[in-house]
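Q: First, the structure itself, so that you have it in front of you.
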Amino acid sequence: MRKSTFNILFYGKRSAVKANGKMPIMGRITVNGQAVQFGAKVEVTPEIWDTKAGKAVGRTQEVIELNAILDSIKATMTKIY
Numbered sequence: 159m160r161k162s163t164f165n166i167l168f169y170g171k172r173s174a175v176k177a178n179g180k181m182p183i184m185g186r187i188t189v190n191g192q193a194v195q196f197g198a199k200v201e202v203t204p205e206i207w208d209t210k211a212g213k214a215v216g217r218t219q220e221v222i223e224l225n226a227i228l229d230s231i232k233a234t235m236t237k238i239y
């Protein structure tokens, strides 16, 4: 029996920085090598986005709220899987 793989990744879409200086956060779910992308419906300033960690860095209220939203999305997707 083959082992199932499941992964969720968040990344900033740097090519689509908006007029307010923020970029949209995108998500990618991969199951058994099949990837599906989605918009997370949140925006972040490019300077506070950590590409390797897939989350915002810092201690401001904006960072805390953004990371909580991303954690909530990830938890929901994992629960559904």
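For the sequence shown, this note's numbering assigns the number 159 to the initial residue and increments by one for each residue that follows. A virtual CB, placed ideally from N, CA and C, is assigned to each residue, including glycine.
(1) Please tell me whether, using a cut-off of 7 Å, the distance from the CB of ILE238 to the nearest non-hydrogen atom of the ligand COA is below it.
(2) If you reduce the DSSP assignment to three classes, tell me which class ALA193 lands in.
(3) Taking DSSP as the reference, what is the three-state secondary structure of LYS171?
(4) GLY197: which of SER173, TRP207, GLY179 and ILE183 sits nearest, CA to CA?
(5) Are the beta-carbon atoms belonging to ASN190 and THR163 less than 8 Å from one another?
A: So, to answer that:
(1) For the ligand COA, the structure offers nothing, since it holds no ligand at all.
(2) Residue mapping note: residue 193 aligns to position 35 of the sequence shown, counting from 1. Three-state result, ALA193: strand.
(3) Taking the sequence shown and counting its residues from 1, one reaches residue 171 at position 13. Reduced to three states, the DSSP call for LYS171 is coil.
(4) As a first step, residue 197 is located in the sequence shown; it is residue number 39 there, counting from the start. When each option's Cα is compared against that of GLY197, the closest is ILE183.
(5) As a first step, residue 190 must be located in the sequence shown, where it is residue number 32. As a first step, residue 163 must be located in the sequence shown, where it is residue number 5. Going by C-beta atoms, ASN190 is nearer than 8 Å to THR163.
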